[in-house]
Amino acid sequence: MAKKKSKGNIEQDLIRLEEISRVLEEDNVELEKAMSLFEEGVKLSKSCLKTLKEAELKITELKSELGKIAQDED
Amino acid sequence: MNKISQILTVSELTKEIRATLEETFEQISVVGEISNFKSHISGHWYFSLIDSDAVINCTMWKGFNQYVFFTPQDGMKIIANGRLTVYPPRGSYQLDIRSIKPAGLGELQEAFEKLKKKLDSEGLFDEAYKKEIPAFPQKIGVVTAIDGAAFQDLISVASRRFPLAEIVIAPARVQGNGAAASIVNSIKQLNDFPDIDVIIVARGGGSIEDLWAFNEEVVARTIFKSKVPVISGVGHEVDFTIADYVSDLRAPTPSVAMEIATPDIVDINNFILKFISEATENIEELIESKSEAIIQNLDSYGFRLPMNILNRKTQQLDLNINSITQSIDWSMMIYDNKIKLLSKSLEAFDIEKSLKRGFVLVKQNSKFVKRALDFNRDKKAQLKFYDGEITTG
């Protein structure tokens with residue numbers, strides 16, 4: 001299945017953090033670029049931590065077909 | 001009744017046969033091997049029971065066969081319970097079956113092995129068909145009994161490990177009659193539901209009969225056809241079902257299935273915290289190294305040159321200020337002397353000195369009388385000499 005909707009997707013955020021991490025570890029990264037990446041990373045981290053902290057499992061129940069099967073028995 | 005002298009019609013004879021057979025074999029159990037099994041579209045089952053020397057036709061109507069936990073297979077030895085019926089138009093008799101059960105657990109085991117071999121040879125278990133389980137599922141489909149222990153386990157593992165996900169439960173009957181059809185239906189429902197990332201097909205532990213629905217061919221084929229990856233978590237570690245072989249990943253228990261399906265929120269938290277500390281360290285190191293570079297530049301000869309010029313100019317300025325201050329001090333001294341001279345000359349005009357020379361000050365009513373016109377002859381006057389005052393009158 002195709003990867004869908006990036007909105008609120010923690011996986012995308014973690015991938016981005018890894019990217020930023022890699023760039024920051026480079027020896028010859030420009031300071032300006034590093035600063036803006038650092039800022040972005042910290043911001044993203046905070047929002048991720050908040051998302052994790054506030055997460056609550058959502059449960060959706062599909063309509064059971066059991067009723068239908070029971071009716072067929074008549 | 002003398003049957004030899006009596007001539008019966010075919011119908012009369014058949015009627016008597018029917019009465020005899022149906023009364024005699026109204027409630028019987030028969031053991032035999034299934035042959036030529038057919039499940040009709042109407043839901044009725046038609047097959048034969050055989051042994052080495054005989055065969056008997058059987059029917060099992062939908063109203064009864066739906067309570068059978070397994071789908072019979074040819075070659076399976078069963079014990080059937082029912083009654084004998086005669087069908088006059090064809091002059092045939094058949095076993096009308098109410099219930100069946102495997103002749104022994106070995107029968108189920110054998111059926112299991114047979115189906116496994118068949119599906120394996122068709123390639124349904126091939127690694128090539130195994131779909132990848134996503135690391136970060138947003139919607140997890142669950143096929144299980146909603147009132148079962150497995151469901152509670154699944155929910156508790158999911159909310160502990162990855163509460164960011166949404167659980168979409170498609171309730172299913174997981175044992176007994178209609179279980180296989182119910183599981184199939186739920187898997188299909190979840191495939192039709194938008195954006196399901198992974199499906200968990202689960203059931204708690206139980207006997208081979210309890211778990212049998214997961215050994216049904218129709219369940220296996222539905223799992224194989226599922227567009228969404230399927231993780232099976234049926235029974236305990238020791239239980240292997242056909243569903244386990246055909247699913248994209250087999251988990252030993254329902255709980256483990258959910259653990260496989262979800263990342264751990266603790267790990268994610270740690271990853272982020274590690275990122276923050278490492279990124280901070282990196283950026284601090286970067287700033288440190290840049291400032292070291294700046295200091296080194298400042299210390300270089302080229303950078304020191306203007307500083308030296310500045311220092312020299314400052315020194316010159318200091319000297320100038322010094323000499324200006326000194327000249328100001330000098331003129332202050334001159335003024336000071338002038339003031340002293342002036343105050344000396346002022347002293348010459350001192351009143352006391354005039355008095356000494358013989359001048360007198362005249363006061364009336366405590367005021368100096370400056371003009372003759374102001375002098376009041378009737379009043380007392382004070383005369384101030386240099387050596388004292390006297391009052392007249």
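Chain order of the listed sequences is P and Y. Heads up, the first sequence is in my numbering, so the first residue is 1 and it goes up one at a time. Heads up, the second sequence is in my numbering, so the first residue is 1 and it goes up one at a time. The beta carbon of each residue, even a glycine, is placed where N, CA and C say it ideally should be.
Integer-rounded CB distance, given that residue 275 of chain Y should sit under 8 Å from residue 45 of chain P: Position 45 of the first sequence, counting from 1, holds the residue named residue 45 of chain P. Position 275 of the second sequence, counting from 1, holds the residue named residue 275 of chain Y. At roughly 6 Å, the Cβ-Cβ gap stays under 8 Å, so residue 45 of chain P and residue 275 of chain Y are in contact.
Listing by chain order, which chain Y residues have their CB less than 9 Å from the CB of residue 11 of chain P? Sequence index remark: in the first sequence, residue 11 of chain P carries index 11 (1-based). Going along chain Y in sequence order, the residues near residue 11 of chain P (Cβ under 9 Å) are 134, 135, 136, 138, 263.
Compare the C-alpha of residue 240 of chain Y against each of Y:135, Y:214, Y:58 and name the closest. Taking the second sequence and counting its residues from 1, the one referred to as residue 240 of chain Y is at position 240. Ranking Y:135, Y:214, Y:58 by Cα distance to residue 240 of chain Y puts Y:214 first.
So what's residue 337 of chain Y in DSSP terms, helix, strand or just coil? Here residue 337 of chain Y corresponds to residue number 337 of the second sequence, with the count starting at 1. In this structure, DSSP gives residue 337 of chain Y a helical state, which the three-state scheme calls helix.
When we look at the beta-carbon of residue 49 of chain Y and count the other beta-carbons within 10 Å, is it buried (16 or more) or exposed? Taking the first residue of the second sequence as position 1, residue 49 of chain Y is located at position 49. Counting Cβ neighbours within 10 Å, residue 49 of chain Y comes out buried, since at least 16 surround it.
Compare the C-beta of residue 295 of chain Y with all C-beta atoms of chain P and state if any pair is closer than 9 Å. The residue given as residue 295 of chain Y occupies position 295 in the second sequence. Judged by the 9 Å Cβ criterion, residue 295 of chain Y is not in contact with chain P.
If you run the structure through DSSP and keep just helix, strand and coil, what is residue 62 of chain Y? By one-based count along the second sequence, residue 62 of chain Y stands at place 62. DSSP places residue 62 of chain Y in helix when its eight states are reduced to three.
So if DSSP puts residue 390 of chain Y in a beta bridge, which residue, or which two residues, is it bridged to? In the second sequence, the residue the question calls residue 390 of chain Y occupies position 390. For residue 390 of chain Y, the pairing in a beta bridge is given by DSSP as Y:383.
Span separating the alpha-carbon of residue 65 of chain Y from that of residue 80 of chain Y: The count along the second sequence starts at 1 and reaches residue 65 of chain Y at position 65. The count along the second sequence starts at 1 and reaches residue 80 of chain Y at position 80. Cα to Cα, the separation comes out at about 11 Å.
Just the C-alpha distance for residue 307 of chain Y and residue 32 of chain P, rounded to the nearest angstrom, thanks. Looking up residue 307 of chain Y in the second sequence gives position 307. Looking up residue 32 of chain P in the first sequence gives position 32. Roughly 28 Å separates the two Cα atoms.
Output yes if chain P places a C-beta closer than 9 Å to the C-beta of residue 189 of chain Y; else output no. Here residue 189 of chain Y refers to the residue found at position 189 when the second sequence is read from its first residue. Between residue 189 of chain Y and chain P, the shortest Cβ-Cβ separation is below 9 Å.
So, do the region 125-144 of chain Y and the region 24-41 of chain P have three or more beta carbon pairs nearer to each other than 8 Å? no
Distance check for residue 18 of chain Y and residue 91 of chain Y, CA to CA, integer angstroms please. Counting from one through the second sequence, the residue named residue 91 of chain Y turns up at place 91. Counting from one through the second sequence, the residue named residue 18 of chain Y turns up at place 18. The alpha-carbon atoms of residue 91 of chain Y and residue 18 of chain Y are separated by roughly 10 Å.
Boundaries (first-last residue) of the beta strand (DSSP E) holding residue 299 of chain Y: Translated into the one-based positions of the second sequence, residue 299 of chain Y becomes position 299. Element bounds for residue 299 of chain Y: not the beta strand (DSSP E) but the alpha helix (DSSP H), 265-299.
Contact the region 164-174 of chain Y vs the region 115-124 of chain Y: 3+ CB pairs below 8 Å: no
Report yes if the CB atom of residue 164 of chain Y is closer than 9 Å to the CB atom of residue 62 of chain P, and no otherwise. Start at 1 with the first residue of the second sequence, and residue 164 of chain Y comes out as number 164. Start at 1 with the first residue of the first sequence, and residue 62 of chain P comes out as number 62. The answer is no: Cβ separation not under 9 Å.
Near-chain Y residues of the region 39-61 of chain P (beta-carbon distance less than 8 Å), N- to C-terminal order: 41, 42, 45, 48, 49, 51, 52, 55, 56, 57, 58, 59, 60, 61
Buried or exposed: where does residue 329 of chain Y fall if 16 or more other Cβ atoms within 10 Å of its Cβ makes it buried? The residue you call residue 329 of chain Y lines up with position 329 of the second sequence. Counting every other CB atom within 10 Å of its CB across the protein chains shown gives residue 329 of chain Y a total below 16, marking it as exposed.
If you measure beta-carbon to beta-carbon, which residues of the region 264-286 of chain Y are closer than 7 Å to chain P? 265, 268, 269, 271, 272, 275, 276, 278, 279, 282, 283, 286
Are any of the Cβ atoms in chain P nearer than 9 Å to that of residue 155 of chain Y? As a working note, residue 155 of chain Y is residue 155 in the second sequence. Yes, residue 155 of chain Y lies at the interface with chain P (some Cβ there is under 9 Å from its Cβ).
Just verifying my parser: in three-state terms, what is the DSSP assignment at residue 5 of chain P? As a working mapping, residue 5 of chain P is identified with position 5 in the first sequence. Model confidence at residue 5 of chain P stands at a pLDDT of 40, short of 50, so the residue's coordinates are unreliable; what they give is reported in the following sentence. Residue state for residue 5 of chain P is assigned as coil, using DSSP reduced to three classes.
First and last residue of the beta strand (DSSP E) that includes residue 230 of chain Y? Position 230 of the second sequence, counted from the first residue, corresponds to residue 230 of chain Y. That run of the beta strand (DSSP E) goes 230-234.
Which chain P residues sit within Cβ distance under 7 Å of residue 159 of chain Y? For the purposes of this step, residue 159 of chain Y is taken as residue 159 along the second sequence, with counting starting at 1. Chain P residues near residue 159 of chain Y: 57.
Starting from residue 86 of chain Y, trace the beta strand (DSSP E) both ways and give me its first and last residue. Counting from one through the second sequence, the residue named residue 86 of chain Y turns up at place 86. Segment 77-87, the beta strand (DSSP E) holding residue 86 of chain Y.
C-alpha distance - residue 196 of chain Y paired with residue 19 of chain P, whole-angstrom precision: Counting from one through the second sequence, the residue named residue 196 of chain Y turns up at place 196. Counting from one through the first sequence, the residue named residue 19 of chain P turns up at place 19. Roughly 28 Å separates the two Cα atoms.
Outcome for residue 72 of chain P when other beta-carbon atoms lying within 10 angstroms are tallied against a minimum of 16: For the purposes of this step, residue 72 of chain P is taken as the residue at position 72 of the first sequence. With a pLDDT of only 47 at residue 72 of chain P, under 50, the local geometry of the prediction cannot be trusted, and the value read off the model is given with reservation. So residue 72 of chain P ends up on the exposed side.
Using the beta-carbon count (16 or more within 10 Å), is residue 68 of chain Y buried or exposed? The residue labelled residue 68 of chain Y in the question sits at position 68 within the second sequence. When all chains shown are included, residue 68 of chain Y counts as buried.
Grouping DSSP H, G and I as helix and E and B as strand, with all else coil, what is residue 139 of chain Y? Counting from 1 along the second sequence, the entry for residue 139 of chain Y is found at position 139. Strand, per DSSP.
Cα-Cα separation, residue 359 of chain Y to residue 385 of chain Y: Along the second sequence, read from residue 1 onward, the residue named residue 359 of chain Y stands at position 359. Along the second sequence, read from residue 1 onward, the residue named residue 385 of chain Y stands at position 385. Going from the Cα of residue 359 of chain Y to the Cα of residue 385 of chain Y covers about 7 Å.
Contacts that residue 21 of chain P makes with chain Y (C-beta to C-beta distance below 7 Å): The count along the first sequence starts at 1 and reaches residue 21 of chain P at position 21. Neighbours of residue 21 of chain P on chain Y, chain order: 275, 278, 279.
Say whether chain P places a C-beta atom closer than 9 Å to the C-beta of residue 164 of chain Y. Against the second sequence, residue 164 of chain Y aligns to sequence position 164. Answer yes: the Cβ-Cβ gap between residue 164 of chain Y and chain P drops below 9 Å somewhere.
Closer than 9 Å, CB to CB, is residue 171 of chain Y near chain P or not? In the second sequence, residue 171 of chain Y corresponds to position 171, counting from 1. Yes, contact with chain P.
Kindly indicate the opening and closing residues of the alpha helix (DSSP H) around residue 38 of chain P. What you label residue 38 of chain P is simply residue 38 of the first sequence in a count that begins at 1. Taken as a continuous stretch (DSSP letters only), the alpha helix (DSSP H) holding residue 38 of chain P covers 31-54.
Give a yes or no on whether 9 Å exceeds the smallest Cβ distance from residue 225 of chain Y to chain P. For the purposes of this step, residue 225 of chain Y is taken as the residue at position 225 of the second sequence. For residue 225 of chain Y, the answer is no, since every Cβ of chain P falls outside 9 Å of its Cβ.
Considering only the beta carbon of each residue, do residue 124 of chain Y and residue 246 of chain Y sit closer than 9 Å? Here residue 124 of chain Y refers to the residue found at position 124 of the second sequence. Here residue 246 of chain Y refers to the residue found at position 246 of the second sequence. Their beta carbons are under 9 Å apart, which means residue 124 of chain Y touches residue 246 of chain Y by this criterion.
Which residues bound the beta strand (DSSP E) around residue 171 of chain Y? Position 171 of the second sequence, counted from the start, is the residue given in the question as residue 171 of chain Y. Per DSSP, residue 171 of chain Y belongs to the beta strand (DSSP E) from 166-171.
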